[in-house]
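The sequence shown begins at 326 in the numbering used here and counts up by one.
Just so it is clear, CB atoms sit at the ideal spot from N, CA and C, and this is done for glycine as well.
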Amino acid sequence: MDSTEIDYTQLSFPDPPSDRPFVAINMVMSADGRTVIDGTERGLGSQLDQRLMRELRVHFDVVMNGGATFRASGTSARLNNPELERWRVDRGMTPSPIAAVLTRSGDLPPERRFFSDDGFEAVIYLSSAAPDSVRRKLESRGRPVVSVPEGKEAVAALDHMKRELGASRVLVEGGAMLNGELISRGLVDEYFLTLAPRITGGESAHPAVQWPGEPTASGIRQLEVVQATRSVGGEMFLRYRFQPVDM
Ligand SMILES: NC(=O)c1ccc[n+]([C@@H]2O[C@H](COP(=O)([O-])OP(=O)(O)OC[C@H]3O[C@@H](n4cnc5c(N)ncnc54)[C@H](OP(=O)(O)O)[C@@H]3O)[C@@H](O)[C@H]2O)c1
326 MDSTEIDYTQ LSFPDPPSDR PFVAINMVMS ADGRTVIDGT ERGLGSQLDQ
376 RLMRELRVHF DVVMNGGATF RASGTSARLN NPELERWRVD RGMTPSPIAA
426 VLTRSGDLPP ERRFFSDDGF EAVIYLSSAA PDSVRRKLES RGRPVVSVPE
476 GKEAVAALDH MKRELGASRV LVEGGAMLNG ELISRGLVDE YFLTLAPRIT
526 GGESAHPAVQ WPGEPTASGI RQLEVVQATR SVGGEMFLRY RFQPVDM
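Right, dumping it as structure tokens:
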């Protein structure tokens, strides 16, 4: 398949596991394995990558980021395309997914559009480790704040999405720490990766997935390639499925 035929609205997904929503990650990365340039992901992917990112969102009930991505780039579930919104509405969905952010510090800048954009619903998952004063400050900004227990934040957030938001699919759009938290706990089903034909160089690593400690053979998670498409511009659009692990 070449990129003129690639249309992520046509994708289909397996049923979610019984105990949580189906979870997919979507990232763009340079050929030397970096996901950040000048502090954000902007500039790494092409317009085609942007289109596919929005087309992918149509299938999901929630689009989620970690707190650092919120601070660097903002968190939004917008599709910015009336045809994609209609695609969802025709299938009985809301025009846009719900936007979600997971944070321990509660350091979410108030000027971000997340707090003022009425084009999508949104929820903040705040670790119970955060002081009450932080929680009250966030609540005063108008978006619901859900407390998630310290040490089990990610799994509790997914549980809330399933039980309280009725979510059956969650799309995680980074960054690396949130991706790593979810993958290391066996909570991710698929991984969409755009490999940009670029070398960024630089000293800092900024991988697509990160969790504490050095990599070990026993920590490796095996992937199966579901789809691989090369664009005219040289990007590789990769879709992987995680093989189940006993955690
Ligand atoms: N290339 C791409 O596709 C792409 C995609 C997304 C992001 N990015 C870039 O990646 C960078 C950020 O990535 P990152 O890895 O540094 O950070 P990140 O994963 O976006 O966020 C990490 C933060 O998420 C929160 N978090 C994660 N696990 C948590 C848990 N179990 N409980 C509570 N909170 C938890 C914490 O937020 P608090 O710090 O608020 O406590 C933590 O510091 C940005 O520069 C962004 O632009 C690139």
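| request: Please determine if the region 383-394 and the region 493-506 are in contact, where contact requires at least 3 C-beta pairs separated by less than 8 Å. | output: Using a C-beta cut-off of 8 Å, the region 383-394 makes contact with the region 493-506, since at least three inter-stretch Cβ pairs fall below that distance.
| query | Any heavy atom of ligand 1 closer than 7 Å to the CB of residue 429? | reply | Here residue 429 refers to the residue found at position 104 when the sequence shown is read from its first residue. It does: the Cβ of residue 429 is within 7 Å (strictly closer) of some heavy atom of ligand 1.
| request: Give the DSSP-derived three-state secondary structure of residue 562 in the structure shown. | output: On the sequence shown, residue 562 is found 237 positions in, with the first residue counted as 1. Strand, per DSSP.
| said: With a threshold of 7 Å (Cβ to nearest heavy atom), would residue 452 be considered close to ligand 1? | reply: One-based indexing of the sequence shown puts residue 452 at position 127. Between ligand 1 and residue 452, a heavy atom-to-CB distance of less than 7 Å is present.
| In or out: residue 431 buried (at least 16 other Cβ within 10 Å) or exposed? | Working through the sequence shown from its first residue, we reach residue 431 at position 106. Its Cβ being crowded by 16 or more others within 10 Å, residue 431 is buried.
| task | Check each candidate in 356, 339, 540 and name the one with the smallest Cα separation from residue 524. | result | Along the sequence shown, read from residue 1 onward, the residue named residue 524 stands at position 199. Between residue 524 and the set 356, 339, 540, the nearest pair of CA atoms involves 356.
| query | Hey, how far is the Cα of residue 530 from the Cα of residue 359? | reply | Reading the sequence shown from its first residue, position 205 is the one you call residue 530. Reading the sequence shown from its first residue, position 34 is the one you call residue 359. When the Cα atoms are used, residue 530 and residue 359 turn out to be separated by approximately 6 Å.
| How long is the line joining the alpha carbons of residue 538 and residue 544, rounded to whole angstroms? | Position 213 of the sequence shown, counting from 1, holds the residue named residue 538. Position 219 of the sequence shown, counting from 1, holds the residue named residue 544. When rounded, the separation of the alpha-carbon atoms in residue 538 and residue 544 is 10 Å.
| query | Going by alpha carbons, who is nearest to residue 444 out of 378, 412, 421, 346? | reply | Locating residue 444 in the sequence shown gives position 119, counting from the first residue. For residue 444, the nearest C-alpha among the options comes from 421.
| request: Tell me where the alpha helix (DSSP H) around residue 408 begins and ends. | output: Counting from 1 along the sequence shown, the entry for residue 408 is found at position 83. First-last of the alpha helix (DSSP H) with residue 408: 407-415.
| message | Taking 8 Å as the cut-off, does the region 359-377 touch the region 411-427 (at least 3 CB pairs, one atom from each stretch)? | response | Put simply, the region 411-427 does not touch the region 359-377. Fewer than three CB pairs are less than 8 Å apart.
| query | Can residue 402 and residue 515 be called in contact, C-beta distance under 8 Å? | reply | Counted from its first residue, the sequence shown places residue 402 at position 77. Counted from its first residue, the sequence shown places residue 515 at position 190. No.
| message | Closer than 7 Å to a non-hydrogen atom of ligand 1 - does that hold for the CB of residue 512? | response | Numbered from 1 along the sequence shown, position 187 holds the residue referred to as residue 512. Answer for residue 512: no, Cβ out of range of ligand 1.
| query | By DSSP, does residue 505 sit in helix, in strand, or in coil? | reply | Position 180 of the sequence shown holds residue 505. Looking at residue 505 - three-state DSSP - the assignment turns out to be helix.
| said: Per DSSP, what are the beta-bridge partners of residue 516 in this structure? | reply: Numbered from its first residue, the sequence shown carries residue 516 at position 191. Answer is 350, 565, bridged to residue 516.
| For residue 335, which option in 437, 488, 485, 384 has the closest C-alpha, if you only look at C-alpha atoms? | Taking the sequence shown and counting its residues from 1, one reaches residue 335 at position 10. Minimum Cα distance to residue 335 is reached at 384.
| query | Three-state secondary structure (DSSP) at residue 402? | reply | Here residue 402 refers to the residue found at position 77 of the sequence shown. If DSSP states are grouped into helix, strand and coil, residue 402 belongs with coil.
| request: From the DSSP output, in three-state form, read off residue 355 for me. | output: On the sequence shown, residue 355 is found 30 positions in, with the first residue counted as 1. Residue 355 falls in the strand class under three-state DSSP.
| message | Taking 7 Å as the cut-off, is the beta-carbon of residue 369 closer than that to any non-hydrogen atom of ligand 1? | response | To locate residue 369, count along the sequence shown from 1; it is residue 44. Within the cutoff, so yes.
| task | Work out the CA separation of residue 433 and residue 470 for me, nearest whole Å. | result | Sequence index remark: in the sequence shown, residue 470 carries index 145 (1-based). Sequence index remark: in the sequence shown, residue 433 carries index 108 (1-based). Answer to the nearest angstrom: the Cα atoms are 12 Å apart.
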